[in-house]
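Engineer: Residue numbers for the sequence shown, in our numbering: 219 to 341. Glycine included, every Cβ here is placed at the ideal spot set by N, Cα and C. Following this message is one structure expressed as structure tokens.
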Amino acid sequence: MGGMAEIVGFNTDLLQPRRETLEMVVRDLFPRGGHIEQATFWTGLRPMTPDGTPVVGRTRYKNLWLNTGHGTLGWTMACGSGQLLSDILSGRTPAIPYDDLSVARYRSDFTPTRPQRLHSAHN
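Shown next, in the form of structure tokens:
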């Protein structure tokens, strides 16, 4: 039905207050929707970055490319990030500039190359 995100490192303990909040919301929205006490709850880890922006692109290793760190926006950004990485790996020109998505942005000496203007269907 839904989920929540917390910054807790690698702790996957299910927090009872979070479960209770989800149960309350489901009961409010779907009062006759089923038996919430029979629901299965679980926790998992969501890779995210310190700045909230995913990492997409090459690494210092020849055959290792990244498409990770989407955090709570994984489903939202999945298609676009997948298309971007597909374009990069296939040698096609991506629809958006992507140097700011590099893992290198976390280096202190990183300076992205920014285009003067983005091209779109309206230009």
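#1: Within 10 angstroms of its Cβ, does Leu307 collect 16 or more other Cβ (buried), or is it exposed?
#2: Report yes if the CB atom of Thr286 is closer than 8 Å to the CB atom of Leu263, and no otherwise.
#3: My output table needs one value for Val226: the three-state DSSP class, helix, strand or coil.
#4: Tell me which residue opens and which closes the beta strand (DSSP E) that Val321 is part of.
#5: Going by Cα to Cα distance, which pick from Gly221, Val321, Thr329, Ile314 is closest to Arg278?
#6: Would you grab the beta carbon distance between Pro272 and Leu319 for me? Rounded to a whole angstrom, and I think it's under 8 Å.
#7: Does the Cβ of Phe228 lie closer than 7 Å to at least one heavy atom of the ligand SAH?
#8: Can you tell me where the beta strand (DSSP E) holding Arg276 begins and where it ends?
Structural biologist: Let me lay it out:
#1: exposed
#2: At a Cβ-Cβ threshold of 8 Å, Thr286 and Leu263 do not count as neighbours.
#3: In the structure shown, Val226 sits in coil (DSSP, three-state: anything other than H, G, I, E or B).
#4: Segment: none, Val321 is in no beta strand (DSSP E) and carries neither H nor E.
#5: Comparing Cα-Cα distances from Arg278 to each of Gly221, Val321, Thr329, Ile314, the minimum goes to Val321.
#6: 6 Å
#7: With respect to small molecules bound, the structure shown includes none, and the ligand SAH cannot be examined in it.
#8: 273-276
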